[in-house]
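All remarks here apply to the structure that follows.
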Ligand code: ADP
């Protein structure tokens, strides 16, 4: 069996075998003269001193040395219970002396057996404590148990490491609360108060700050039960999840980078149709300006018409500016930030951005918005990216279809906002349904297969769900549901 260093320290004796047996001999040799002297002074329980030596040897040096002490004790019986003339050879003892001798041998062996059993129990307990401590260190989980109101606090060794307590710190709930991050204090206290009544398991997360200034994320599973004496006992497992938090944060960052690159790739693909979109208002501006000049050039300039032409110039300039701004935002590498958003507006923006591409591919794009759509908390650019991806996939899917239409429909769910992007293409083949959202899954000759996988990461990071299914008549629907904004 593999024993870790900590466990083997606890379970086995640090001394070598020879030292333990030697020390046992010394212990028995030291107690014998004491016992014999007490016996000579007529003290009837003098023999108990030798018995104590047996118990001590088992407890301190182990069952083997304890057995040696027991054998020595059996030999010492002669001094206490037999006549000086008698030997301890059982064959030469009379009946009465033999009976007494056997009785004391039994007592000594029984004591040795009991002491050995107790030591084995102790070793088992220490071993399981060591396993538990190792498991707690490996999983970075400490355990705490206390009575409410605060009293009788127990915590495991791992709590010292997680909270950065010195070994001199005695377990106390307040010491743990003192380490809670100032911004999470209300949440942590609420958790403690919640456990002041019997509760089934609750889960809580908060940060702590250790004395060296390090911030750690703790995930806590706690429950409170009423004891027979009426008091509430809280038991909790505290897991240091800082490492996995850091990893999921860097994963999110990597995903955001990937999302950015994919966005740029999509925009690269769209560059012709997008420049056409921007060109349109520029062309309109030119025409309006020329018309205005013509109205000015007349003998009696028609100022009203000149004004109207200039207004059209301004309108088109605004439209071009708006489009360029949206494009710049899409291309920008930005920090993800969640703000309250109306998905209807995002749907309209995306359709506007892709209008050129839709015209080129002969697709009708429709937005069917719920008028009182509730807000969601989200990152505008990332949510736009999801819709761009759904719509572009729809365009690709409908390439060979006779009727080409994309509808973005929004509606309020029970506790979410639901957005459907429906196309009139061939739909999703039954055997591919489970793989659509896998990274690198594509059925297109030049596809990357990252679009839907990125959409899923974005939706999950927003606490929402993503789904795809075939429509009853024709085509597929891609659906996202996002939780309502806290401001709704
Ligand atoms: P890519 O577009 O690079 O293939 P995606 O992850 O966006 O990557 O899409 C993965 C696959 O899902 C596509 O190759 C296609 O087979 C399927 N798919 C996506 N959208 C639709 C749709 N609207 N109808 C049918 N199949 C679709």
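Numbering (the working numbering), first residue to last: 48 to 535.
From the three backbone atoms N, C-alpha and C, an ideal C-beta is built for every residue, glycine too.
Being a predicted model, the structure only gives us computed values, none of them experimental.
Residue i in three-state terms, based on DSSP
{"i": "residue 53", "result": "Unreliable positioning characterises residue 53 in this predicted model, as indicated by a pLDDT of 41, which lies under 50. A coordinate reading is not provided."}
{"i": "residue 251", "result": "strand"}
{"i": "residue 101", "result": "helix"}
{"i": "residue 410", "result": "coil"}
{"i": "residue 59", "result": "In this predicted model, residue 59 has a pLDDT of only 48, less than 50, meaning its place in the structure is not dependable; the value taken from the coordinates is given anyway. Note: residue 59 maps to coil in three-state DSSP."}
{"i": "residue 538", "result": "Nothing about residue 538 can be reported from this structure: the residues present for the chain run from 48 to 535 only."}
{"i": "residue 243", "result": "coil"}
{"i": "residue 84", "result": "helix"}
{"i": "residue 201", "result": "strand"}
{"i": "residue 285", "result": "strand"}
{"i": "residue 118", "result": "helix"}
{"i": "residue 403", "result": "helix"}
{"i": "residue 278", "result": "coil"}
{"i": "residue 362", "result": "helix"}
{"i": "residue 48", "result": "For residue 48, the pLDDT reaches just 32, beneath the cut-off of 50, and the residue's location in the model is therefore unreliable, leaving the point undetermined."}
{"i": "residue 424", "result": "strand"}
{"i": "residue 65", "result": "helix"}
{"i": "residue 233", "result": "helix"}
{"i": "residue 356", "result": "helix"}
{"i": "residue 256", "result": "strand"}
{"i": "residue 520", "result": "coil"}
{"i": "residue 96", "result": "helix"}
{"i": "residue 213", "result": "coil"}
{"i": "residue 371", "result": "helix"}
Residue range of the alpha helix (DSSP H) that includes residue i
{"i": "residue 438", "result": "427 to 444"}
{"i": "residue 383", "result": "Unbroken run through residue 383: none, as it is neither H nor E."}
{"i": "residue 339", "result": "289 to 344"}
{"i": "residue 507", "result": "498 to 508"}
{"i": "residue 153", "result": "142 to 186"}
{"i": "residue 390", "result": "390 to 400"}
{"i": "residue 523", "result": "Segment 523 to 530 is the beta strand (DSSP E) holding residue 523; no alpha helix (DSSP H) there."}
{"i": "residue 220", "result": "220 to 225"}
{"i": "residue 205", "result": "204 to 210"}
Limits of the beta strand (DSSP E) - the one that residue i falls within
{"i": "residue 264", "result": "262 to 273"}
{"i": "residue 92", "result": "No beta strand (DSSP E) holds residue 92; DSSP gives it neither H nor E."}
{"i": "residue 515", "result": "512 to 517"}
{"i": "residue 417", "result": "Segment: none, residue 417 is in no beta strand (DSSP E) and carries neither H nor E."}
{"i": "residue 470", "result": "463 to 470"}
Residue i CB to nearest heavy atom of the ligand ADP below 7 Å
{"i": "residue 441", "result": "yes"}
{"i": "residue 483", "result": "yes"}
{"i": "residue 490", "result": "yes"}
{"i": "residue 314", "result": "no"}
{"i": "residue 444", "result": "yes"}
{"i": "residue 436", "result": "yes"}
{"i": "residue 235", "result": "no"}
{"i": "residue 470", "result": "yes"}
{"i": "residue 475", "result": "yes"}
{"i": "residue 338", "result": "no"}
{"i": "residue 405", "result": "no"}
{"i": "residue 504", "result": "no"}
{"i": "residue 466", "result": "no"}
{"i": "residue 447", "result": "no"}
{"i": "residue 214", "result": "no"}
{"i": "residue 430", "result": "no"}
Cβ neighbours of residue i in the same chain (closer than 8 Å, five flanking residues each side left out)
{"i": "residue 378", "result": "310, 311 and 314"}
{"i": "residue 108", "result": "60, 62, 67, 68, 70 and 71"}
{"i": "residue 391", "result": "414, 416, 417, 420 and 457"}
{"i": "residue 195", "result": "242, 243, 271, 278, 279, 280 and 281"}
{"i": "residue 532", "result": "387, 388, 421, 422, 423 and 424"}
Same chain, Cβ closer than 6 Å to residue i, neighbours up to 5 away in sequence not counted
{"i": "residue 202", "result": "191 and 218"}
{"i": "residue 430", "result": "393"}
{"i": "residue 406", "result": "none"}
{"i": "residue 76", "result": "none"}
{"i": "residue 193", "result": "200, 220 and 281"}
{"i": "residue 100", "result": "74, 75, 78 and 116"}
{"i": "residue 57", "result": "For residue 57, the pLDDT reaches just 41, beneath the cut-off of 50, and the residue's location in the model is therefore unreliable, leaving the point undetermined."}
Cutoff 7 Å; reference residue i; Cβ partners in own chain excluding five residues on either side
{"i": "residue 227", "result": "235, 253 and 255"}
{"i": "residue 380", "result": "307"}
{"i": "residue 498", "result": "309, 436 and 440"}
{"i": "residue 264", "result": "252, 254, 288, 289 and 292"}
{"i": "residue 163", "result": "105, 110 and 113"}
{"i": "residue 510", "result": "530"}
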